[in-house]
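Colleague:
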Amino acid sequence: MIWSRRRFLGASATMAGAGIVDFPGKHTSSITFQTHSQTDLAATPPIELIALNRMAYGPRPGDVARVRQMGFTAYVDEQLNPNDADDALCASKLTSARLRIQYDAGMGYPAVDEMRLLRTIIENWGLAQLWPLTKHPAYQERIRPVEEVRAATLIRAVYSKWQLREVLVEFWHNHFNVDAYSDTRISATWPLYDRDVIRRHCLGNFRNMVRDVAKSIAMGFYLDNAFSRDGPANENYARELFELHTLGQENYLNHLYNRWRDVPGALEGNPIGYIDQDVYEAARAFTGWTIAHGQTISGSLRLPDTGEFAYVDLWHDNAQKRVLAFEIDPNQPPLSDGETVIRLVSEHPGTARHICRKLCRRLLADDPPDSLVNRLARIWLENKDASNQIAITVRALLLSDEFASTFGRKVKRPFEVVVSFLRATNAEVTPNRDLFWQLQEMGYRMFNWGPPTGHPEESAAWLSTNGMLRRWNIINYLQSSWLKAATFDLPGQTPPGLTARQIVEFWVGRLLAVPPPTSTMNRLIDLMRQNGSADAPPTGSADEIADRIRSVVTLIAMTPEFQLR
Amino acid sequence: MTVSRRTFIVGCSAAIAAMTGSAVRGLAFAQPGDTTRRDILVVVFLRGGCDGLSLVAPVNDPFYKGARGELRVEESGQNAGLLLSNTIPGADFRLHPRATLLQSLYINRSLAIVHACGLRNGTRSHFEAMDYMEGGIPESGVPANGWLARYLNSINASGYLPAVAAGTRVPFSMVGFNDAAALTDPTSFNLSWNSWRYRSQLNQALDAFYSGDSPVQQAGRTTLTAIARINERLPRDSQGRVIPYTPETGVRYPGGRGASLGNALRTVASLIKMDIGLLAATVDYGGWDTHEGQRWIFPELVAGLAEGLYAFYNDLWRYHDRLTVVVMSEFGRRLKANRSGGTDHGHGNVMLVLGEGIRGGKMYGVWPGLATEQLDNGVDLAITTDYRAVLAEILIKRGALQTVDQVFPGFRGSLLGLAYSPGETIERPHRVNLPLVTR
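Sequences listed follow chains A and B, in order.
Residue numbers for the first sequence, in the working numbering: 1 to 565.
Residue numbers for the second sequence, in the working numbering: 566 to 1004.
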């Protein structure tokens, strides 16, 4: 089979002999596993399992029964209305979590080595507390806030009741990607970007989200708009605003048209896409949008050194502009040019399709049907002024036939591999830097992805030899004596008195949404029973049996089935 | 003294010089009996759009001086560019002042420079430009596989480990070649079971799980094969422990900004020396998107590039007769600097080609000039050489490609003559400026 990173869905659909929306077994109510004689990765599990694997980071013990009992639609509506007051387990884990900070003494500061609380998170630090950290002489203190957000993100992904929010927070962090480690002004203030921009708007209104991203410290420094001024403007932010944040590469028509009026629809005020001329003009619109960090405006006039968003009229290009065939008159009031551009790009029909397709690619499959994308894009546009525009659109996606009738079309990214394993095994998480280092070696650099694209979405990108080997090894590392990012009690969770076969079935049920082939079950049972009978409790020393249980669980998480969602 | 092209450019010990008799054989040949001549091709991709106008700068061009201001490489003084001979007409081209080691490779005739080349498509999007360029079909539409993959498939590359991406994933240029491996460190490329007791049973089970044809299973199969092959070839001591890789004496891979490049090139060098049948390798070097602060970032990146290539080339001095390195980037940068100390996305750019089979010490291409009417869209360096002309020539003369259409369908450009064909007499360099040791 020829591998194309764009054809993963096509390939697996062909393999299963079925199209995207017509899988058998839709809405089956039983979760009893049948073992299949052939690999059938496309088998569709019950909706509870689809939901918990795709709008959550995999089920924790008890989740499947809970969702089944309350009903899928009620679960979706619950998840679309997260309530922090109702998340006691996660809150207690966040409050008690400690993350090591360690550095040597330097000029004017002492050495530190302590297990420190996630203070910026649990005490809700604001700009006034965080900005001074950008000046801290110790680098580890300047990056401490982003390190705390990473730890909190892992804890929330594993424990939070509001799993859909966590999934969407990951989505939007990648959509509006910023490398927090690229500038210590970003790393020191990262809780603000995470909390007040991404989390605040993750189910809200897209235009407002784009606006707050544009004004954020993180994006301002990452894509350089904080430095942009008239003559010539810095195009970095404006270009990615079009290409990545809103209209998308699919609507970039520069190879077809050199002049704005040649773009179809432009003369009627509705260009179907954008070209470089739109980027140049938009860059001019954002000149003077900056972050106050003590920079000189002119002579002795300086901006304060506070980290607040600022608009400097002296740096703004006041002349007329034309963006997406819309004429902006000269000499508009402060911020007006940029806000007009944000409105134009956020409400463009191409943006609706781009974002809706991307949401489908995250929550459904790499290559979602156009019919679904177009239907969601209509809903998106109809609700462009709604305060819950994103929630309304995501609801339609989750309740679509396509969501309920497809499974196994996405390869889990490394973070999902780790979190779904920790959830399924009811592990106790103790975030540390080594775990994030392991994720990085797997190709997943949380808040540290350099290019503004965010992590790749397409499944094939995660199946390199490096990616495969490390997704196998991480399951072992997590349970090793040296990584110390989690603790497990797998033998203790195994109900007493089970036969070898039942032990395997118990753990397969915990970890896999679809039953593995018979040959896989037999391998697992052989490992569990050794010389004993499959239908008797395993024999051997307690130490041997515990080793076998751990090995069986490890092996289940290394199957092809566990890699898919 | 007569100095061979097969030179080890940093000073190295007599002991190593004396080892030259033990020629390494078989490496470039996929299988026994296959006598097809082909170089190991290493593609270094400068992600983000390298400013070719600063890397190989037309220092005396009045438009360049006027548009770049402080961000330019100068003719004289502290920021003076490094002199190059055999340049193309149109300007006084100089290497960036931090590229002294590239200048050495150029003087040594190992390094060739092609200017004003790139993608015909007018995109200024990083991601689109990289897709087109790595897809190898620049007009429109992105193909299902990359140009390196099509090359490897066209020559039925079936070596032990024919293609490696030194990193966490395979770049698009190699997507479509099923045996492409991505790895960061061969010495730790192995399964790590917690259970010693059931280790062999676990290995067998994993092997069985990944014997099917689904995409994930295929990926697992490729991985298990690569694990087996790498571990079979890793040098080990008498206790069976893997011996960490040590570069040739005197070779120092860069740290700092160049560390990512240095580490990846070091990985490639170690694999080549494992005699593992490598035919193509890719290395990414990011950070070139200098919209801001170019004055501070770019020199460090260039130093890393120069140090990395120099270290790699010297580390592999015994393989010079079968090694070609290409350096490319998705586009160059805008002629006119912006007001925030940087340059925005541009068009035409420079490519570098390194190897003994290259007619180095010479610049190639046609300089289009920098007057407004000579620029692409009035703002960016125009393209006079399709980047595929460079790649096609290397694949045909240094690789084993039969016809260009197999890799670059529809490409009709002419070749530049920058590579020696197999069997051609390689001209020896007549002038060097560094202590050299004859191979």
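Note that CB positions come from ideal geometry on N, CA and C, so glycine has one too.
Against A/Phe447, what residues of chain B qualify as contacts under a CB-to-CB distance less than 9 Å, listed in chain order?
Modeller: The residue given as residue 447 of chain A occupies position 447 in the first sequence. Under the 9 Å cutoff, chain B gives no residues; its nearest Cβ is about 17 Å from A/Phe447.
Colleague: Would B/Pro627 pass as an interface residue toward chain A - the criterion being a Cβ-Cβ separation below 8 Å?
Modeller: Start at 1 with the first residue of the second sequence, and residue 627 of chain B comes out as number 62. Judged by the 8 Å Cβ criterion, B/Pro627 is not in contact with chain A.
Colleague: If I follow the unbroken beta strand (DSSP E) through A/Tyr103, where does it start and stop?
Modeller: The residue you call residue 103 of chain A lines up with position 103 of the first sequence. Segment Arg98 to Tyr103, the beta strand (DSSP E) holding A/Tyr103.
Colleague: Alpha carbon to alpha carbon, how far is A/Leu363 from A/Trp162? Give it in angstroms, no decimals.
Modeller: For the purposes of this step, residue 162 of chain A is taken as residue 162 along the first sequence, with counting starting at 1. For the purposes of this step, residue 363 of chain A is taken as residue 363 along the first sequence, with counting starting at 1. Between A/Trp162 and A/Leu363, the C-alpha separation is close to 16 Å.
Colleague: Please report the straight-line C-alpha distance between A/Ala536 and A/Leu498, rounded to a whole angstrom.
Modeller: For the purposes of this step, residue 536 of chain A is taken as the residue at position 536 of the first sequence. For the purposes of this step, residue 498 of chain A is taken as the residue at position 498 of the first sequence. Using only the alpha carbons, I get a separation of about 8 Å.
Colleague: Which residue spans inside the stretch 824-912 of chain B form an unbroken beta strand (DSSP E) run of at least 3?
Modeller: As far as the stretch 824-912 of chain B is concerned, its whole beta strand (DSSP E) runs of at least 3 residues are 845-851 and 888-894.
Colleague: Nearest to B/Arg924 by CA position, among B/Thr937, B/Ala681 and B/Ile672, is which residue?
Modeller: Within the second sequence, residue 924 of chain B is the residue found at index 359, counting from 1. B/Arg924 has its Cα closest to that of B/Ile672, out of B/Thr937, B/Ala681 and B/Ile672.
Colleague: Any idea what DSSP makes of A/Asp224, helix, strand or coil?
Modeller: Residue mapping note: residue 224 of chain A aligns to position 224 of the first sequence, counting from 1. Reduced to three states, the DSSP call for A/Asp224 is coil.
Colleague: Is it true that the stretch 140-149 of chain A meets the stretch 94-103 of chain A, where meeting means three or more beta-carbon pairs spaced less than 8 Å apart?
Modeller: Touching, per the Cβ criterion.
Colleague: Using 10 angstroms around the beta-carbon of A/Asn234, count the other beta-carbons present and answer buried if the total reaches 16, otherwise exposed.
Modeller: In the first sequence, residue 234 of chain A corresponds to position 234, counting from 1. By the neighbour-count rule (16 or more Cβ atoms within 10 Å), A/Asn234 is buried.
Colleague: Does any residue of chain A have a CB that is nearer than 8 Å to the CB of B/Tyr763?
Modeller: Taking the first residue of the second sequence as position 1, residue 763 of chain B is located at position 198. Output row for B/Tyr763: interface = yes.
Colleague: Beta-carbon within less than 6 Å of A/Pro24's beta-carbon, same chain only, minus the 5 sequence neighbours each way: which residues are those?
Modeller: Within the first sequence, residue 24 of chain A is the residue found at index 24, counting from 1. At A/Pro24, the pLDDT of 31 sits below 50, so the modelled position is not reliable and the matter cannot be decided from this model.
Colleague: Only counting the same chain, and skipping five residues up and downstream in sequence, which positions put a Cβ closer than 8 Å to that of A/Phe326?
Modeller: Taking the first sequence and counting its residues from 1, the one referred to as residue 326 of chain A is at position 326. Cβ neighbours of A/Phe326 beyond the five flanking positions: Gly269, Thr340 and Leu344.
Colleague: Does chain A have any CB closer than 8 Å to the CB of B/Arg798?
Modeller: Numbered from its first residue, the second sequence carries residue 798 of chain B at position 233. It does not: the Cβ of B/Arg798 has no partner Cβ on chain A nearer than 8 Å.
Colleague: Does any heavy atom of the ligand SAH sit closer than 7 Å to the C-beta of A/Asp317?
Modeller: With respect to small molecules bound, the structure shown includes none, and the ligand SAH cannot be examined in it.
Colleague: Where A/Val279 and A/Leu253 are concerned, what is the direct C-alpha to C-alpha distance, given to the nearest angstrom?
Modeller: Position 279 of the first sequence holds residue 279 of chain A. Position 253 of the first sequence holds residue 253 of chain A. Using only the alpha carbons, I get a separation of about 12 Å.
Colleague: Does DSSP classify A/Ser336 as helix, strand or coil?
Modeller: Translated into the one-based positions of the first sequence, residue 336 of chain A becomes position 336. Correct three-state label for A/Ser336: helix.
Colleague: Kindly list, in the order they appear in chain B, the residues whose Cβ is closer than 7 Å to that of A/Val411.
Modeller: Here residue 411 of chain A refers to the residue found at position 411 when the first sequence is read from its first residue. The answer, in chain order, is Val781.
Colleague: So is A/Tyr109 buried or exposed if we call it buried at 16+ other beta carbons inside 10 Å?
Modeller: Taking the first residue of the first sequence as 1, we reach residue 109 of chain A at position 109. Exposed is the call here.
Colleague: In chain order, what residues of the same chain lie with their CB nearer than 8 Å to the CB of A/Ser464, ignoring the 5 residues before and after it?
Modeller: As a first step, residue 464 of chain A must be located in the first sequence, where it is residue number 464. Counting only Cβ-Cβ distances below 8 Å, and skipping sequence neighbours, we find Gly443.
Colleague: Suppose you measure from the CA of A/Met521 to the CA of A/Asp489; what does that come to, to the nearest Å?
Modeller: Along the first sequence, read from residue 1 onward, the residue named residue 521 of chain A stands at position 521. Along the first sequence, read from residue 1 onward, the residue named residue 489 of chain A stands at position 489. The alpha-carbon atoms of A/Met521 and A/Asp489 are separated by roughly 22 Å.
Colleague: Is there a Cβ from chain A that is less than 8 Å from the Cβ of B/Glu865?
Modeller: Locating residue 865 of chain B in the second sequence gives position 300, where the first residue counts as 1. By this cut-off, B/Glu865 is not an interface position.
Colleague: By the criterion of Cβ-Cβ separation under 9 Å, what are the contact partners of A/Ala180 in chain B?
Modeller: As a working note, residue 180 of chain A is residue 180 in the first sequence. Under the 9 Å cutoff, chain B gives no residues; its nearest Cβ is about 16 Å from A/Ala180.
Colleague: Grab me the residues of A/Val417's own chain with a C-beta within less than 6 Å of its C-beta, minus the 5 sequence neighbours each way, in chain order.
Modeller: Working through the first sequence from its first residue, we reach residue 417 of chain A at position 417. Arg471.
Colleague: Run through chain B and tell me which residues come within less than 8 Å of A/Glu441, C-beta to C-beta.
Modeller: Stepping through the first sequence from its first residue, residue 441 of chain A is reached at position 441. By Cβ distance, chain B contributes Thr733 and Thr749.
Colleague: As a quick exercise: from B/Glu639, B/Ile678 and B/Val624, pick the residue whose alpha carbon is nearest that of B/Lys927.
Modeller: In the second sequence, counting from the first residue as 1, residue 927 of chain B sits at position 362. Comparing Cα positions, the closest option is B/Ile678.
Colleague: Give a yes or no on whether the C-beta atoms belonging to A/Glu308 and A/Leu49 are separated by under 8 Å.
Modeller: Along the first sequence, one-based indexing puts residue 308 of chain A at 308. Along the first sequence, one-based indexing puts residue 49 of chain A at 49. Not a contact, by the Cβ cut-off of 8 Å.
Colleague: Quick one, which of A/Ile217, A/His316 and A/Phe206 has its alpha-carbon nearest A/Pro232's?
Modeller: Taking the first sequence and counting its residues from 1, one reaches residue 232 of chain A at position 232. The shortest Cα separation from A/Pro232 among A/Ile217, A/His316 and A/Phe206 belongs to A/His316.
Colleague: Quick one: is B/Glu699 buried, meaning 16 or more other Cβ sit within 10 Å of its Cβ, or exposed?
Modeller: For this step, residue 699 of chain B is matched to residue 134 along the second sequence. Its Cβ being crowded by 16 or more others within 10 Å, B/Glu699 is buried.
Colleague: In chain B, which residues lie less than 8 Å from A/Arg229 when you measure between Cβ atoms?
Modeller: Residue numbering aside, residue 229 of chain A sits at position 229 when the first sequence is read from its first letter. By Cβ distance, chain B contributes Arg904 and Ser905.
Colleague: Along the beta strand (DSSP E) that carries B/Arg659, what are the first and last residues, could you check?
Modeller: Taking the first residue of the second sequence as position 1, residue 659 of chain B is located at position 94. Residues Phe658 to Leu660.
Colleague: Measuring only the C-alpha atoms, how far is A/Gln438 from A/Ser182?
Modeller: Position 438 of the first sequence, counting from 1, holds the residue named residue 438 of chain A. Position 182 of the first sequence, counting from 1, holds the residue named residue 182 of chain A. For A/Gln438 and A/Ser182, the distance between alpha carbons rounds to 20 Å.
Colleague: Taking only beta-carbon atoms, is A/Thr465 less than 8 Å away from chain E?
Modeller: Annotation note: the requested chain E is absent from the structure, which comprises protein chains A and B.
Colleague: Step through the CB atoms of chain B and report whether any lies within less than 8 Å of the CB of A/Trp472.
Modeller: Along the first sequence, read from residue 1 onward, the residue named residue 472 of chain A stands at position 472. Yes, contact with chain B.
Colleague: Tell me whether the beta-carbon of B/Ala681 lies closer than 8 Å to the beta-carbon of B/Ile948.
Modeller: As a working note, residue 681 of chain B is residue 116 in the second sequence. As a working note, residue 948 of chain B is residue 383 in the second sequence. Going by C-beta atoms, B/Ala681 is nearer than 8 Å to B/Ile948.
Colleague: Any idea what DSSP makes of B/Ile961, helix, strand or coil?
Modeller: Within the second sequence, the letter at position 396 stands for residue 961 of chain B. Here B/Ile961 sits in helix by DSSP.
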